[in-house]
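Peer 1:
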Amino acid sequence: MKRPRSDPGFSFFPKRVLCYNGWKGGDRMNEILAGKLSTLPEHPGSYQMRDATGAIIYVGKAKNLKNRVKTYFIGSHDLKTTKLVSLIDDLTYIVTKTELEAFLLELSLIKEHRPKYNIMLMDDKTYPYIEITKERYPRVVITRKIDKKRKNIFGPYPDSGSARETLLLIHRIFPLRKCDVLPKKVCLYYHMGQCLGPCVHPVSVETNEAIISDIVKFLNGNDQDLLKDLRQKMADHAEKMEYEKAKEYKDLIAAVVKTTERQQVMFSDLLDRDAVAFAADDAHLAVTIVFMRKGRIVMSDSEIVDYLETPEDAFLDFVARFYAKHPAPAEVLLPKGTDLAFLKPALGDAAKIPVRGNKLKFAQMAAENATIHLANSLDQHLKKYAKTVGAATALGDLLGIAAPKRIECFDNSHTMGTNPVSAMVVFTDGNPDKKSYRKYQIKTAAKGDDPGAMKEIVYRRYQKMLMTGAADRPDLVIMDGGITQVRACKETLAALYLDLPVIGLKKDSFHKTDAIIGLDEAEIPLDRHAPLYVLLNKIQEEAHRFAITYHHEKQSKQIYASILDAIPKIGKASKTKLLEKFKTIENIRNASDEELHAVGLTKEAIGNIRIALAQHK
């Protein structure tokens, strides 16, 4: 492994070292592609590399399209670029007026097509933020969906646990509403003094604004007025010998101090700042962001990725895409040599290149962390790559198709034919893409007809894809099963005039992944020590887990529904709300009175539930 380079002059743009392989341009292009290369304009623009299926596998930008694109087909390149070039079957391009327009177009096309060979940096990550909503009766909530136009957003937080800890503290101190939907009666928060009860007692705008002002001060680290108020209340209760109440305020004071004094203030101006830097070797880029809020460092995040062009371009891509999605602070400190003009659409005037003082030290901190992350994480990154993208590439090679970027796997689950369900899991670049998972109830297939159930679900999934024009077309479909399931899927896809590669995963007598049912329906044995086996086994186990969990959930709801039916004061609507909210009888049993009240139950109904469920332990 090569040691990452560092620059004593604090320039983060190291030169790139290439791995030479001796290929010649004539080996790399067909006649059509060669003709297009000869007629490329010498203008700025974005180019799109396409494989034999017409799919976009790489999007790039150029100040001069002709000169830039030709570099792929002459000279020597690293292994990843060589692999890309070997797959290029066609080329399209869009001319723009300026290089900046080409850059913005590139970002848009990458977001739309998510090409396999473009780096997907931390723009896919989400961080927890705390938001004060703009409702008539505002709430304080945790969110990961950020609209940069919204003002009362605070964060990011390092993890959901930290955000939740702060939110719970706010709920204990400030009496804003907690309920998603205002109930018809006051809840326990009202009786505990933690809510003003806007559900039954109108609360003025001025009162809400005063509370919000105090919350904003607290979230911005200005806690002196709050601590003074809490200490006074603690003293008042102690004077009245209400020691239990006084201890509550003592605990609150300790929690506030813990929350607001985790970091020392580095900048007296208390501005929000990010420092962004990178380190690179010949093929890998480590990017680090250090987040500072109100003069305090709150968190740091790093990512290591492969890149194709130059580390400078990869870094610019990252910064522009990251801040197109995440709110930018007042200042974003960047490495010397960064092209600020390119980043203006995403950052405006926030982009700065520090030259001296504490800002330079802060930026150097980010640079040092990037260098350390590259040195320490490269081996881990390569191992992860081998188990994910590398394994998917090996699967494509084994099947004779392009490496599948999006894989969809189906599995059925039932108990003696009852409560039959199906599930689809999705793996993108060898990683589970849980937001794309889907659950299906079997509606038309006969009881116990597993192939019929598979046909039904495959038809519903891909008919919807065709009807909606969704861009989530898979590169490979996997059936968790043998030849019967594979043929059921193929017949259904043929009826939809869809040509998708389909394979099956066969298990041995010990219920372990054993072999692939290939595209030609022949069995392909698997090496259980290879990364490909690990990936396929993970996909199969995940599909099984997701399907059986849904099946158990459906089965349990039947049992739980019959128990709830026998409880007085629990109607059909209440039963539905309870099952949707808590899923299981055990969760209902463990729920607090205020949680049960929040779904609309009366005090009498809650008491009936406690009595009834005590008999079902």
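No gaps in the numbering here: position 394 of the sequence shown is 397 in my numbering, and each next residue is one more. Idealized CB from N, CA, C, for every residue including glycine.
(1) Which residue's Cα is closest to the Cα of Lys458: Asp432, Tyr440, Pro435 and Gln488?
(2) If we call anything under 8 Å between Cβ atoms a contact, is Pro131 one with Gly158?
(3) Can you tell me whether His376 is helix, strand or coil according to DSSP?
(4) Restricting to runs no shorter than 3 residues, where is the beta strand (DSSP E) found entirely within the region 135 to 186?
(5) With DSSP as the reference, label Asp239 as helix, strand or coil.
(6) Keeping to the same chain, check which residues put their C-beta closer than 7 Å to that of Ala389; ignore five residues upstream and five downstream.
(7) At what residue ranges does the region 193 to 261 contain a whole run of the alpha helix (DSSP H), taking only runs of 4 or more?
(8) Going along the chain, which residues of its own chain have a beta-carbon closer than 7 Å to the beta-carbon of Arg180, five neighbours each way excluded?
(9) Roughly how far, in whole angstroms, is the beta-carbon of Ala278 from the beta-carbon of Phe365, given that I think they are within contact range, below 8 Å?
(10) Can you determine whether any heavy atom of the ligand NAP sits closer than 7 Å to the C-beta of Ile214, and answer yes or no?
(11) Report the partner residues of His3 according to the DSSP bridge assignment.
(12) Determine the DSSP secondary structure at Arg296, reduced to helix, strand or coil.
(13) Assuming the contact rule is C-beta atoms closer than 8 Å, Gln51 and Thr95 should be a hit. Round their C-beta distance to whole Å, please.
(14) Could you give the distance in angstroms between the alpha-carbon of Asp572 and the alpha-carbon of Met482?
(15) In terms of alpha-carbon separation, which member of Arg464, Pro423 and Pro454 lies closest to Lys446?
(16) Are three or more beta carbon pairs between the region 276 to 291 and the region 308 to 321 nearer than 8 Å?
(17) Does the Cβ of Ala498 have 16 or more other Cβ atoms within 10 Å, making it buried, or fewer, making it exposed?
(18) Got a sec? Which residues, its chain only, sit under 6 Å from Glu607 by beta carbon, not counting five neighbours each side?
(19) Would you list the one or two residues that DSSP bridges to Tyr96?
(20) Is there contact here, the region 353 to 361 with the region 334 to 344, by at least three beta-carbon pairs under 8 Å?
(21) Which residue marks the beginning of the alpha helix (DSSP H) containing Tyr326, and which one marks its end?
(22) Starting from Leu479, follow the alpha helix (DSSP H) in both directions and report where the run begins and ends.
(23) Would you mind working out which of Val259, Gln235 and Lys86 sits nearest Lys248, comparing C-alpha positions?
(24) By alpha-carbon positions, which one of Asp92, Lys64, Phe76 and Leu503 ends up nearest to Ile35?
(25) Can you tell me whether Asn67 is helix, strand or coil according to DSSP?
(26) Where does Cys412 sit, in a helix, a strand or coil, going by DSSP?
(27) Which runs of the alpha helix (DSSP H) spanning at least 4 residues fall entirely within the region 418 to 473, listed in chain order?
(28) The alpha helix (DSSP H) spanning Ala497 covers which residue range?
(29) Can you tell me which of Met427, Lys64, Asp162 and Ser577 puts its alpha carbon nearest to the alpha carbon of Ile542?
(30) My understanding is that Ile214 touches Phe177, with C-beta atoms under 8 Å, so please give their C-beta distance in whole angstroms.
(31) Is the distance from the Cβ of Ala289 to the Cβ of Ser305 below 8 Å?
(32) Can you look up Tyr536 in the DSSP assignment and give me helix, strand or coil?
(33) Assuming Ile60 and Leu90 make a contact with CB atoms under 8 Å, what is their CB distance in whole Å?
(34) Below 8 Å on the Cβ atoms is my guess for Pro477 versus Ile410; work out the distance and round it to an integer in Å.
(35) Which value, in whole angstroms, describes the spacing of the CA atoms of Asp183 and Thr341?
(36) Excluding the 5 residues preceding and the 5 following Pro186 in the sequence, name in chain order all residues of the same chain whose CB lies nearer than 8 Å to its CB.
Peer 2: With the given structure in hand:
(1) Gln488
(2) The Cβ atoms of Pro131 and Gly158 lie closer than 8 Å to each other.
(3) helix
(4) Counting only runs of 3 or more, we get 143 to 146.
(5) helix
(6) Pro534
(7) 208 to 222 and 227 to 242
(8) So the list reads Tyr140, Arg142, Cys198 and Pro201, once near-sequence residues are dropped.
(9) 5 Å
(10) The ligand NAP is absent from the structure shown, which contains no ligand whatsoever.
(11) Only positions 4 to 620 of the chain appear in this structure, which leaves residue 3 out of reach.
(12) strand
(13) 5 Å
(14) Note that residue 572 is Lys in the sequence shown, not Asp. Between Lys572 and Met482, the C-alpha separation is close to 46 Å.
(15) Pro423
(16) yes
(17) By the neighbour-count criterion, in which 16 or more other beta carbons inside 10 Å mark a residue as buried, Ala498 falls on the exposed side.
(18) Lys572
(19) Tyr50
(20) Result yes; three or more Cβ-Cβ pairs closer than 8 Å.
(21) Pro314 to Lys328
(22) Looking at the DSSP string, Leu479 is not in any alpha helix (DSSP H); the run it does join, the beta strand (DSSP E), is Leu479 to Met482.
(23) It is Gln235.
(24) Here the closest residue by C-alpha is Asp92.
(25) coil
(26) strand
(27) 453 to 471
(28) Ile486 to Ala498
(29) Met427
(30) 5 Å
(31) yes
(32) helix
(33) 6 Å
(34) Yes, they are in contact, since the Cβ atoms of Pro477 and Ile410 sit about 6 Å apart, within 8 Å.
(35) 45 Å
(36) Cys202, His600, Ala601 and Gly603
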